[in-house]
Amino acid sequence: MAPQSSGQWNLTQFIETLNFFGEIPLLGNIRWLQQMFDSFAIVSAASFPDPVKAGKILIVGAATFWGQSIAKILHQQGYTLTFWLESSSQQNLPEYLPGEFVTELSPEMLNGVSAIFICDTDLDSIEQWTQRFSSLASSAEVTYPLFDFRQPSAEMKMKSIWGALDDVVMGGVSSGGLTQGNGAAAFSGNVSTANSGGFSSVRTRDFDPPFDLKDWQGICLTLQGDGQRYKFILRDRQGWDSVAYCRSFDTVSQQETTVHIPFASLRPTFRAKTVNDAAPFDPSRVYSFQIMLSKFEYDRALNPHFEAGSFELKIKNIDVYASPKALNIFNLGPQPHLQSVQFDIEPAALHHVNTSETTPEAAITICSTRDVRQGLSSAW
């Protein structure tokens, strides 16, 4: 670790922080001053698809008429497609199918899959297919990027959204920041406990309008740490000093890991003190994101994995995630005597659509209303 700072408070750093966020502690908004110096910026949250739309659709039977017809319709509707192929069926494929191909069943194959279509498959194999997919379904997860720092093009956007917020605003001398390079954003700097300080963080400007993430379960971060404990912080209200919803997470030095932060696990705090009467976090209005290293945990308890001095946390991406309550499998075939859910195998539900009495377009509409388990959303 690098030596601690000398204890000299940095006025320039303080002014830069206030100018970036447009707030003065205890006094409030100074955006009029930002506008005077042409440093005012409005950042708007991107509209987010629901988890089903963000997920992939897996199609079995891509060489059949129904498989190709369903693929064409779903592709036109904006879905991402994956095709499972047996080696013997590859020679019967059309020249172009809009998606990726897989030939082996594995838990990784179902990552990001929100529904499965089995097209023109022999009736005797339907239960077998359902059992095979069901055994893999518990690991399925749909993710969607909030901030992807892996591409060099992310640097300009990152600089306009993320700013340093250190204990300098309270008289401390710590300093940190976010820099992009080598496929990640590095949150790094030096934390000093001088002048009663002891934290460094990076935070986004308030998004206006905010992110609406109510259809998702939480945040997942892919990162590489330095062995210290950090905090991830969200706010569902505008303002410098609104309630901060926190979750601490540990890192292993030089080891990449994925950290899941369910919205339901967030702790409401105000200046590191738990707010017991605060409402649960509202993911339908996410105004800001923050990552912090602090010597304090919560309610005056010390961070057990904190060391003053230099630090570095490399962040590849920050995503939202959702896991299905059940994997919906749709069997499209000419078996008129089958109805709705034929096999009930946790955590999958099989739905049958009689293709002898409908069209591909109508079949898609039927499938979208048959989520008997209320999986990722009301439609699939």
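Residue numbers (the numbering used here): 2 to 381. Even for Gly, the Cβ is constructed at its ideal location relative to N, Cα and C.
Express the C-alpha separation of residue 116 and residue 78 in angstroms, rounding to a whole number.
The alpha-carbon atoms of residue 78 and residue 116 are separated by roughly 15 Å.
Please confirm if the stretch 187-204 is in contact with the stretch 304-314, defined as three or more CB-CB distances below 8 Å between the two stretches.
Yes, since at least three Cβ pairs between the stretch 187-204 and the stretch 304-314 fall closer than 8 Å, the two stretches touch.
Any idea if residue 366 is buried or exposed, counting beta-carbon neighbours within 10 angstroms, 16 or more meaning buried?
Its Cβ having fewer than 16 others within 10 Å, residue 366 is exposed.
Which of the three DSSP states is assigned to residue 269 in this structure?
In the structure shown, residue 269 adopts extended strand secondary structure according to DSSP, grouped into three states.
Identify whether residue 343 lies in helix, strand or coil by the three-state DSSP scheme.
At residue 343 the pLDDT is 41, less than 50, meaning the model places this residue with poor confidence; the figure from the coordinates comes in the next sentence. Assigned with DSSP and collapsed to three states, residue 343 falls in strand.
Could you give the first and the last residue of the continuous alpha helix (DSSP H) run that contains residue 66?
Where residue 66 is concerned, the enclosing alpha helix (DSSP H) starts and stops at 66-77.
Determine contact between the stretch 236-252 and the stretch 291-307, defined as no fewer than three beta-carbon pairs at a distance below 8 Å.
Contact between the stretch 236-252 and the stretch 291-307 is established, with three or more Cβ pairs separated by less than 8 Å.
Bridge partners - residue 17, DSSP secondary structure assignment:
Paired residue(s): none; residue 17 is not in a bridge.
Close-in-space but distant-in-sequence residues of the same chain around residue 57 (CB under 6 Å, 5 per side omitted):
These residues qualify, in order along the chain: 81, 83, 113 and 114.
CB of residue 268 within 8 Å of CB of residue 299, strictly:
Yes, the Cβ-Cβ distance between residue 268 and residue 299 is below 8 Å.
With distances taken between CB atoms, is the gap from residue 179 to residue 157 smaller than 8 Å?
The answer is no: Cβ separation not under 8 Å.
Would residue 225 pass as a contact of residue 255 if the rule is Cβ separation under 8 Å?
In this structure, residue 255 lies closer than 8 Å to residue 225 by Cβ.
Within 10 angstroms of its Cβ, does residue 357 collect 16 or more other Cβ (buried), or is it exposed?
Taking every protein chain shown into account, the CB of residue 357 has fewer than 16 other CB atoms within 10 angstroms, so this residue is exposed.
Which residues in the same chain have their Cβ closer than 7 Å to the Cβ of residue 120, if we skip the five residues on either side of it in sequence?
Correct list, in chain order: 60, 61, 62, 65, 67, 68, 71 and 333.
Go to residue 313, then tell me how far its beta strand (DSSP E) extends in each direction, as first and last residue.
In the DSSP annotation of this structure, the continuous segment of the beta strand (DSSP E) that includes residue 313 starts and ends at 310-323.
Based on DSSP bridge pairs, tell me the residues matched to residue 149.
DSSP output for residue 149 lists 318 as bridge partner(s).
Would you tell me roughly how many angstroms separate the C-alpha atoms of residue 167 and residue 15, rounded to the nearest one?
Rounded to whole angstroms, residue 167 and residue 15 show a C-alpha spacing of 9 Å.
Looking at the secondary structure, which residues open and close the alpha helix (DSSP H) in which residue 105 lies?
Where residue 105 is concerned, there is no enclosing alpha helix (DSSP H), given that its DSSP letter is neither H nor E.
Which residues mark the beginning and the end of the beta strand (DSSP E) in which residue 245 is found?
Start and end: 245-251.
Coarse secondary structure for residue 354, derived from DSSP in three states:
Residue state for residue 354 is assigned as strand, using DSSP reduced to three classes.
Contact check, residue 205 vs residue 162, beta carbons under 8 Å
For the pair residue 205 and residue 162, the CB atoms are nearer than the 8 Å cut-off.
For residue 133, which residues of its own chain have a beta-carbon under 7 Å away from its beta-carbon, when the five flanking residues on both sides are left out?
For residue 133, where only same-chain residues beyond five positions count, the Cβ hits under 7 Å are 106.
Can you tell which of 129, 296, 151 and 108 has its C-alpha closest to the C-alpha of residue 183?
If we check each option's Cα against that of residue 183, 151 comes out closest.
Taking Cβ to Cβ, would you say residue 198 is nearer than 8 Å to residue 174?
Closer than 8 Å, so yes.
Just the Cα atoms here: how many angstroms apart are residue 328 and residue 144?
Cα-Cα distance, rounded: 16 Å.
Alpha-carbon spacing of residue 202 relative to residue 76, whole angstroms:
Taking the straight line from one Cα to the other gives about 42 Å.
What does the alpha-carbon distance come out to for the pair residue 369 and residue 118?
Cα-Cα distance, rounded: 12 Å.
From the DSSP secondary-structure annotation, give me the bridge partner or partners of residue 120.
Note: residue 120 sits in a beta bridge opposite 333.
DSSP three-state label for residue 31, please.
Any reading at residue 31 needs caution, since the residue's pLDDT is 49, under 50, leaving its predicted position unreliable; the model's value is listed next. Coil.
Any idea what DSSP makes of residue 196, helix, strand or coil?
In this structure, residue 196 counts as helix in the three-state DSSP scheme.
Taking DSSP as the reference, what is the three-state secondary structure of residue 291?
Strand at residue 291.
When the distance is taken between beta carbons, is residue 272 closer than 8 Å to residue 211?
Result no, Cβ atoms of residue 211 and residue 272 do not sit closer than 8 Å.
Cα-Cα separation between residue 164 and residue 109, rounded to whole angstroms
Here the alpha carbons of residue 109 and residue 164 stand approximately 36 Å from one another.
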